[in-house]
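Peer 1: Taken in order, the sequence shown gives residues 0 to 345; the numbers are from numbering that gives the first Met the number 0. From the three backbone atoms N, C-alpha and C, an ideal C-beta is built for every residue, glycine too. Source: prediction; values computed, not measured.
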Amino acid sequence: MDNLLISLLRKFEPETAHDISIKLLKFAPILFNKFRHELLEQEIVGLKFQNPVGMAAGYDKNAEVFESLFKIGFGFVECGTVTPLPQYGNPKPRVFRYIEESALINSLGFNNKGINSFLNGVQKRTDFDSPLGINIGPNKDTKNFIDDYTILINKAHDFADYITVNISSPNTENLRKLQDKTALEELISNLVASLKDKKVQKPIFIKINPDEESNNYSDIINLISKYSIAGLIISNTTIQREQNLSPQIRKQDGGLSGKPLLKKSNEILELVFRETQGSIILIGVGGISSGGEAYQKIKLGASLIQLYSAFTFQGPNLINKINKELVQLAKKDGFNSISEAVGSGL
Ligand SMILES: Cc1cc2nc3c(=O)[nH]c(=O)nc-3n(C[C@H](O)[C@H](O)[C@H](O)COP(=O)(O)O)c2cc1C
0 MDNLLISLLR KFEPETAHDI SIKLLKFAPI LFNKFRHELL EQEIVGLKFQ NPVGMAAGYD
60 KNAEVFESLF KIGFGFVECG TVTPLPQYGN PKPRVFRYIE ESALINSLGF NNKGINSFLN
120 GVQKRTDFDS PLGINIGPNK DTKNFIDDYT ILINKAHDFA DYITVNISSP NTENLRKLQD
180 KTALEELISN LVASLKDKKV QKPIFIKINP DEESNNYSDI INLISKYSIA GLIISNTTIQ
240 REQNLSPQIR KQDGGLSGKP LLKKSNEILE LVFRETQGSI ILIGVGGISS GGEAYQKIKL
300 GASLIQLYSA FTFQGPNLIN KINKELVQLA KKDGFNSISE AVGSGL
């Protein structure tokens, strides 16, 4: 069924195909049985995960289909990026598909319906068995990025199982500058202070880009520890283009995801795990299209993994397939729980 669906969707330009897939997903779950295995279950930052495979941010931007995504097999879903006000994003076309390379390039620029509409979607939630993350980012024309994040984190806090502060999209001008030490400390300290009166403190993750100098990651790690942030999501899309990529990919601006991102995001994941040794939680994302690649990230230090691009290339059956492969791979290595595999490759 996936093959037919994928070839049909490929007849449309990528953004239209995405919109159609969201509509289909509203009905699809009855066709799926979620694969479950106790070896895949973990409790992390106080949340129970049935499996470690999550839908990455950007797919369900407006919190419309996260329950369908739980049903087709995902262990958790990160919705967003949501901004305070609705926003059109950058001019179209702004998503490009490269089938041969299993890659996407996007320059969407946080197109979304804004936090109020988003929270309407979240409040329709009936399934509380799988964690829901809310990924937040500023409006393009805002006067002050930190004000936007503060508004969002306070509005989203009570409805999210965890919150991701996205400072790594390449498609909002100057956003990535927040990854610099001084700017990041100002952001994090403000966010943490703004939540101090909340009775329950929800875990916060910071989503980072894979394109920084290695010493910048050390600065980030120090801040994460200083402000008791739960962990890092590694990584967002890359703006770098390796020499071996096709001329089409190399000349197209935007954030590159899918297969060409695997090596780069793995390098940063490994670097960060070597420095943190399990003291913070790492979520590995970038280029995963199989159980083997998901397992590779887990062995490099990811407690959880996420994917997006491969879902658009392979369809919904991919998620159960990855989880089944993870069980086989972990058993083969003699692990009784997937958590025993975290960082075991280093
Ligand atoms: C079309 C598209 C839109 C995305 N939008 C967002 C977004 O809004 N927020 C975000 O944090 N990441 C966004 N991402 C990045 C993904 O969450 C993920 O980090 C990246 O695609 C790498 O994973 P993948 O190789 O499995 O796709 C987007 C990716 C794609 C392909």
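Under 9 Å between the Cβ atoms of PRO137 and THR82?
Peer 2: Numbered from its first residue, the sequence shown carries residue 137 at position 138. Numbered from its first residue, the sequence shown carries residue 82 at position 83. Their beta carbons are under 9 Å apart, which means PRO137 touches THR82 by this criterion.
Peer 1: State the Cα-Cα distance for the pair GLN49 and VAL76, rounded to the nearest angstrom.
Peer 2: Here residue 49 is taken as the residue at index 50 of the sequence shown, counted from 1. Here residue 76 is taken as the residue at index 77 of the sequence shown, counted from 1. Roughly 12 Å between the two C-alpha positions.
Peer 1: Under the three-state reduction of DSSP, which class applies to VAL64: helix, strand or coil?
Peer 2: The residue given as residue 64 occupies position 65 in the sequence shown. Here VAL64 sits in coil by DSSP.
Peer 1: Indicate the three-state DSSP secondary structure (helix, strand or coil) for SER256 in the structure shown.
Peer 2: Residue mapping note: residue 256 aligns to position 257 of the sequence shown, counting from 1. Strand at SER256.
Peer 1: With contact counted as at least three CB pairs below 8 Å, one residue from each stretch, are the region 11-21 and the region 84-95 in contact?
Peer 2: Cβ pair count under 8 Å is three or more, so yes.
Peer 1: Going by the DSSP bridge assignment, what does GLN41 pair with across the sheet?
Peer 2: Numbered from its first residue, the sequence shown carries residue 41 at position 42. For GLN41, which the question treats as bridged, DSSP gives the partners PHE48.
Peer 1: Taking 8 Å as the line, does the beta carbon of PHE109 fall inside it for any heavy atom of ligand 1?
Peer 2: The residue labelled residue 109 in the question sits at position 110 within the sequence shown. Yes, Cβ of PHE109 sits closer than 8 Å to a heavy atom of ligand 1.
Peer 1: Which runs of the alpha helix (DSSP H), 4 residues or longer, sit entirely within the region 143-205?
Peer 2: Listed in chain order, the complete alpha helix (DSSP H) runs (minimum 4 residues) inside the region 143-205 are 144-155 and 180-193.
Peer 1: So, TYR148 versus ASN189, is the Cβ gap smaller than 9 Å?
Peer 2: Indexing the sequence shown from 1 puts residue 148 at position 149. Indexing the sequence shown from 1 puts residue 189 at position 190. In this structure, ASN189 lies closer than 9 Å to TYR148 by Cβ.
Peer 1: Look at the alpha carbon of GLU185 and the alpha carbon of LEU177, and state the distance between them as a whole number of angstroms.
Peer 2: Walking along the sequence shown from the start, residue 185 turns up at place 186. Walking along the sequence shown from the start, residue 177 turns up at place 178. For GLU185 and LEU177, the distance between alpha carbons rounds to 9 Å.
Peer 1: Given this structure, state the Cα-to-Cα distance separating ILE337 from ASN319, to the nearest angstrom.
Peer 2: For this step, residue 337 is matched to residue 338 along the sequence shown. For this step, residue 319 is matched to residue 320 along the sequence shown. Whole-angstrom Cα-Cα distance: 16 Å.
Peer 1: For the region 292-305 against the region 57-68, are there 3 or more C-beta pairs whose distance is under 8 Å?
Peer 2: Touching, no, given that fewer than three Cβ pairs across the two stretches are closer than 8 Å.
Peer 1: How far does the beta strand (DSSP E) with GLY79 in it extend, from its first residue to its last?
Peer 2: Position 80 of the sequence shown holds residue 79. Residues 75-81.
Peer 1: Kindly indicate which three-state DSSP category ARG93 falls into: helix, strand or coil?
Peer 2: Locating residue 93 in the sequence shown gives position 94, counting from the first residue. Three-state result, ARG93: coil.
Peer 1: Within its chain, find whatever has a CB closer than 7 Å to the CB of ALA159; leave out the 5 residues flanking it on each side and keep chain order.
Peer 2: Taking the first residue of the sequence shown as position 1, residue 159 is located at position 160. So the list reads LEU131, GLY132, ILE133 and LYS201, once near-sequence residues are dropped.
Peer 1: Is LYS298 buried or exposed, if buried means 16 or more other CB atoms sit within 10 Å of its CB?
Peer 2: Translated into positions along the sequence shown, residue 298 becomes position 299. When all chains shown are included, LYS298 counts as buried.
Peer 1: Verify the contact flag: HIS17, CB atom, against every heavy atom of ligand 1, threshold strictly below 8 Å.
Peer 2: Stepping through the sequence shown from its first residue, residue 17 is reached at position 18. Because some heavy atom of ligand 1 lies under 8 Å away, the Cβ of HIS17 counts as near it: yes.
Peer 1: Just the Cα atoms here: how many angstroms apart are LEU68 and SER288?
Peer 2: Here residue 68 refers to the residue found at position 69 of the sequence shown. Here residue 288 refers to the residue found at position 289 of the sequence shown. One C-alpha to the other measures close to 17 Å.
Peer 1: Count the other C-beta atoms from every protein chain shown that fall within 10 angstroms of the C-beta of ASN235, then say buried if there are 16 or more, exposed otherwise.
Peer 2: The count along the sequence shown starts at 1 and reaches residue 235 at position 236. ASN235 should be labelled buried.
Peer 1: Label VAL199 either buried or exposed according to how many other C-beta atoms from any shown protein chain fall within 10 Å of its C-beta, with 16 as the threshold for buried.
Peer 2: Mapped onto the sequence shown, residue 199 falls at position 200. It is exposed - the Cβ of VAL199 has fewer than 16 other Cβ atoms within 10 Å.
Peer 1: Output needed for ASN153: all residues of its chain with C-beta closer than 8 Å, excluding positions within five of it in sequence on either side, in chain order.
Peer 2: Locating residue 153 in the sequence shown gives position 154, counting from the first residue. Hits under 8 Å: SER193 and LEU194.
Peer 1: If you measure between the beta carbons of GLY108 and SER167, is that distance less than 9 Å?
Peer 2: For the purposes of this step, residue 108 is taken as residue 109 along the sequence shown, with counting starting at 1. For the purposes of this step, residue 167 is taken as residue 168 along the sequence shown, with counting starting at 1. No. Outside cutoff.
Peer 1: Is ALA55 near ligand 1 - that is, is its Cβ less than 8 Å away from at least one heavy atom of it?
Peer 2: In the sequence shown, counting from the first residue as 1, residue 55 sits at position 56. Yes, the Cβ of ALA55 comes within 8 Å of a heavy atom of ligand 1.
Peer 1: Would you call the region 315-334 in contact with the region 25-34, where contact means no fewer than 3 C-beta pairs closer than 8 Å?
Peer 2: The answer is yes - the region 25-34 touches the region 315-334, with three or more Cβ pairs under 8 Å.
Peer 1: Considering only the alpha carbon of each residue, which of GLY344, ALA329, LEU328 and PRO315 lies closest to LEU30?
Peer 2: Position 31 of the sequence shown, counted from the first residue, corresponds to residue 30. Among GLY344, ALA329, LEU328 and PRO315, the Cα nearest to that of LEU30 is on PRO315.
Peer 1: Measuring only from the beta carbon, is SER20 closer than 8 Å to any heavy atom that is part of ligand 2?
Peer 2: For the structure depicted, ligand 2 is absent and the ligand set comprises only ligand 1.
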